[in-house]
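K.L.:
Starting off with a structure, shown below.
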Amino acid sequence: MTQKITLEEAAALLWQEADLLDHREYDAWLNLWSDDGIYVVPIEKGVEDFANRLNYAYDDGEMRRMRVARLKSSYSMSAIAAADTIRTVSRFVVTGERSNEIDIRAAQILVEYRRDKTRPIAANVDVTVRRTENGLKLVKKVIWLAHSEEAVSGVGYLL
Amino acid sequence: MQEALIDKVSDSDLGALVKEDRVHTSLYNDEHIFKLEMEKIFGRTWVWVAHESEVPNPGDFVTTHVGLQPAIVVRDKRGTVHVHLNRCRHRAATVCEARKGNAKGFVCPYHGWSYAQDGSMLGVPLPKGYSSDFDKADYALVSLRVESYAGLIFATFNDEAPSLDEFLGRAKPWIDLFMKQGGGYPVGTSGEHKFRFPGNWKIQLENTTDAYHFPIVHKSFLNSLDAQAEELFSFLDGDGFVEDLGNGHSVMVMIPELVDLEENLDAPIPERFKELAEELAADYSDEEVRRIVRAVGGSGFNLNLFPNLACSMAFFRVLRPVSVEETEIRHIAITMDGGPEAANRKRLRLHEHFQGPMGFGSPDDAEAWERVQRGSKAGPDMWIMLNRGTDGDGNGPGGVNRGDVSAETGMRAAYDMWKRMMTA
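Residue numbers (the numbering used here), protein chains in the order written: chain A, 732 to 890; chain B, 40 to 463.
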């Protein structure tokens, strides 16, 4: 029988993820994912059918790898000029549990600094974590930006 | 210190700031010029406000701007589309703050003055407080002149402006070609990416027909494509061209074989659309599959409609000046209205791949534009060069200006119109 995932285990994974993203350790971040995982940054609030809507990002495994390759390529001037980020993920609430998976809702407060401007970016984050033979993996991450329906300027890093 | 040219020119001599092959740096950062542009360009010409699919039913509305002025685009119960200034006639409060929706009319939330969909006044609370000559007919919402072409709705403050048909002129056949990406279905809009960049609106206006930047700015996008698609987007060595279409409009043909999406239906299906074609084959005939798949990638050209709309591959690009140094851009995704879900899904993924804050293309464009604005602070008396491909000016078919795909013909077309309007 699979051992259930505790909130503490899931929180540790999300903190590890936040640390990797802030330090742009993107290859290590890719390894946190189950290959069938979906990374979504929706535009409209309350959408459920992401596939049939326009999003800021709707990434399967292949697209995540392409995105990381781009961010690391040194060919993208927006990625080169990307803001530095420092984020906190907290206010964890368990929203669902299955034998080998747990759903977490959390708050993400990211502060970015770029060209003399410091800007806070707030989001609710829905995450699903799965226990696998290779440890805990992310299988779903949906980032609900507070300002998603307004003008959202370039994000040269990963949310 | 050298005296800046802008200090020497009067309003009537703004034309000195635009020469045949260059424009003056002050066009990007002079606040006085920006104010004049809002009056003489956005206050006088046809400005794109919406696509008809955004307001398909009676009562449907979207809020937008014409120049700096907030406006409402609304379809009335008889089906006529109106564009009203979003301002109560009483004390100026906006009468609608929703981005879109359906409404029987608009009620000012401050004192309750109410208006019908066509802008006429319905009534005011406690009317006996006004004098006996108070006439509701004097207090309708201010409405603009509205005309549309091929689903594109335009509005103008100028009752003397030529008809929309005349204004669009030689751009119309290109609009017709662009709409073929419906693949046999009506063109619909399906969401948008909206962002702002700290730069002047004309920096983005220039970009729509600027192929010269593509392989440099978008190298990381090109590297993310399969070999066949990368070849398709390596169009600088191809037979494309840029043509001045008059009235500030221009077209840049990047991929000549994708100008008419109803031609070459027998051509092999590109690698990146094979999976889609297989999925569609279960429900559609071979001919339908070929027509839909060919349309999914969008048209092989960018059409720039002066001053604020671009029809670009598979999306509408709308610019809104916010201030002399800030511009808002919307990239509206185009789908096939009632078309196969799989084809529309593919279009949304293609849009996300290039556009938006996390796209592989738009952030790099925005970074380039921001750097233009920052750089323009150096050398206030210097010029912005638009001299690429001037040997094509007057040498195109019928004596029009037409250069190779990397020529700056489109920018010269836009600035020629800018000069005409600003000195009129």
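Each residue gets a CB set at the ideal place from its N, CA and C atoms; glycine is no exception.
#1: Tell whether a beta-carbon distance below 9 Å holds between Glu793(A) and Arg784(A).
#2: Just to confirm the assignment, what range does the beta strand (DSSP E) spanning Gln108(B) have?
#3: Would you tell me roughly how many angstroms separate the C-alpha atoms of Glu327(B) and Leu387(B), rounded to the nearest one?
#4: Alpha carbons only, please: which of Ala749(A), Met808(A), Ile817(A), Glu779(A) is nearest the one belonging to Arg850(A)?
#5: Please check the pair Ser170(B) and Glu186(B), which I expect to be a contact at CB under 8 Å, by giving their CB distance rounded to whole angstroms.
#6: What residues of chain A sit near Asp25(B), judged by a beta carbon separation below 7 Å?
#7: Please go through the same chain and pick out, in chain order, the residues whose beta-carbon is closer than 8 Å to the beta-carbon of Leu761(A), but skip the five residues on each side of it.
#8: I'd like to know if Ala881(A) contacts chain B, where contact means its C-beta is closer than 9 Å to some C-beta of that chain.
#9: Tell me the DSSP secondary structure of Asn865(A) in three-state form.
#10: Going by CA-CA distance only, name the one from Leu66(B), Gln243(B), Trp85(B) that's closest to Glu409(B).
#11: Taking contact to mean 3 or more Cβ pairs, one atom from each stretch, closer than 8 Å, check whether the stretch 98-105 of chain B and the stretch 131-150 of chain B are in contact.
#12: For Lys735(A), which of helix, strand or coil comes out of DSSP?
#13: Taking all protein chains shown into account, decide if Met291(B) is buried (16 or more other Cβ within 10 angstroms of its Cβ) or exposed.
#14: From this set, Phe145(B), Ala353(B), Glu367(B), which residue's C-alpha is nearest Thr374(B)'s C-alpha?
#15: Taking just the CA atoms, how far does Gly377(B) sit from Asp477(B)?
#16: In whole angstroms, what is the alpha-carbon distance linking Glu864(A) and Gly768(A)?
#17: From the DSSP secondary-structure annotation, give me the bridge partner or partners of Gln839(A).
#18: Just to confirm the assignment, what range does the beta strand (DSSP E) spanning Pro773(A) have?
#19: Is it the case that the Cβ atoms of Val120(B) and Pro346(B) are separated by a distance below 9 Å?
#20: Express the C-alpha separation of Arg836(A) and Arg359(B) in angstroms, rounding to a whole number.
#21: The beta strand (DSSP E) spanning Asn786(A) covers which residue range?
#22: Using only the alpha-carbon positions, how far apart do Ala372(B) and Thr733(A) sit?
#23: Give me the residue from Gln108(B), Asp322(B), Leu207(B) with the minimum Cα distance to Leu191(B).
#24: Quick check on this structure: which residue in Leu841(A), Ala877(A), Asp815(A), Thr826(A) has the alpha carbon closest to the alpha carbon of Trp746(A)?
#25: I'd like to know whether the C-beta of Leu738(A) is nearer than 9 Å to at least one C-beta of chain B.
#26: For Gly222(B) and Asn855(A), what's the separation of their Cα atoms in angstroms?
#27: Check each residue of the stretch 779-791 of chain A: if its Cβ is closer than 8 Å to any Cβ of chain B, include it; give the result in chain order.
#28: Quickly, what does DSSP pair His129(B) with across the bridge? List them, please.
#29: Excluding sequence positions up to five away, which residues of its chain have a Cβ less than 8 Å from the Cβ of Asp790(A)?
#30: Which residues mark the beginning and the end of the beta strand (DSSP E) in which Ile373(B) is found?
#31: From what residue to what residue does the alpha helix (DSSP H) around Glu205(B) run?
#32: Which residues in chain B have a C-beta closer than 9 Å to the C-beta of Arg801(A)? List them in chain order.
#33: Alpha carbon to alpha carbon, how far is Gln220(B) from Phe280(B)? Give it in angstroms, no decimals.
#34: Assign His878(A) to one of two classes, buried (16 or more other C-beta atoms within 10 Å of its C-beta) or exposed (fewer than that).
#35: Alpha carbon to alpha carbon, how far is Ala788(A) from Gly777(A)? Give it in angstroms, no decimals.
#36: For the stretch 858-870 of chain A, which residues have a CB atom closer than 7 Å to at least one CB atom of chain B, in sequence order?
P.N.:
With the structure as the only source:
#1: Contact flag unset, no.
#2: Note, Gln108(B): beta strand (DSSP E), 108-114.
#3: Each residue's Cα considered, the two are about 20 Å apart.
#4: For Arg850(A), the nearest C-alpha among the options comes from Ile817(A).
#5: Contact between Ser170(B) and Glu186(B) is absent: CB atoms are separated by about 38 Å, not below the 8 Å threshold.
#6: As shown, chain B starts at 40 and ends at 463. That puts residue 25(B) outside it, with no answer to give.
#7: So the qualifying residues of the chain are Arg795, Arg796, Val799.
#8: Here residue 881(A) turns out to be Glu, not Ala, going by the sequence shown. Output row for Glu881(A): interface = yes.
#9: Coil, per DSSP.
#10: Gln243(B) is the residue among Leu66(B), Gln243(B), Trp85(B) whose C-alpha sits nearest the C-alpha of Glu409(B).
#11: By the C-beta criterion, the stretch 98-105 of chain B is judged to be in contact with the stretch 131-150 of chain B, since at least 3 inter-stretch pairs fall below 8 Å.
#12: Coil at Lys735(A), not helix or strand.
#13: With 16 or more other Cβ atoms within 10 Å, it is buried.
#14: Ranking the options by Cα distance to Thr374(B), first place goes to Ala353(B).
#15: Summary: the structure shown does not reach residue 477(B), with chain B confined to residues 40 through 463, and so no result is reported for it.
#16: The straight-line gap from Cα to Cα measures roughly 16 Å.
#17: DSSP lists Val820(A), Ala854(A) as partners of Gln839(A).
#18: Per DSSP, Pro773(A) belongs to the beta strand (DSSP E) from 764-773.
#19: Going by C-beta atoms, Val120(B) is not nearer than 9 Å to Pro346(B).
#20: Distance from the CA of Arg359(B) to the CA of Arg836(A), rounded to the nearest whole angstrom, comes to 36 Å.
#21: Looking at the DSSP string, the run of the beta strand (DSSP E) that includes Asn786(A) is 786-790.
#22: Answer to the nearest angstrom: the Cα atoms are 44 Å apart.
#23: Just measuring C-alpha positions, the residue of Gln108(B), Asp322(B), Leu207(B) sitting nearest Leu191(B) is Leu207(B).
#24: Distance from the Cα of Trp746(A) is smallest, within the candidate group Leu841(A), Ala877(A), Asp815(A), Thr826(A), for Leu841(A).
#25: No, Leu738(A) does not count as interfacial toward chain B.
#26: One C-alpha to the other measures close to 38 Å.
#27: Those residues of the stretch 779-791 of chain A that come within reach of chain B (Cβ to Cβ, closer than 8 Å) are Ala782, Asn783, Arg784, Leu785, Asn786, Tyr787, Ala788, Tyr789.
#28: Its beta-bridge partners do not exist; DSSP assigns none.
#29: Excluding residues up to 5 positions away in sequence, Ile769, Tyr770, Val771, Arg798 lie with their Cβ nearer than 8 Å to the Cβ of Asp790(A) in the same chain.
#30: Ile373(B) -> beta strand (DSSP E) spans 365-375.
#31: Counting along the chain, the alpha helix (DSSP H) containing Glu205(B) begins and ends at 203-207.
#32: Chain B residues near Arg801(A): Ser259, Phe260, Asn262, Ser263, Phe399.
#33: Between the alpha carbons of Phe280(B) and Gln220(B) lies a distance of about 20 Å.
#34: Result: exposed.
#35: Rounded to the nearest angstrom, the two C-alpha atoms are 16 Å apart.
#36: If you check each beta-carbon in the stretch 858-870 of chain A against every beta-carbon of chain B, none falls closer than 7 Å.
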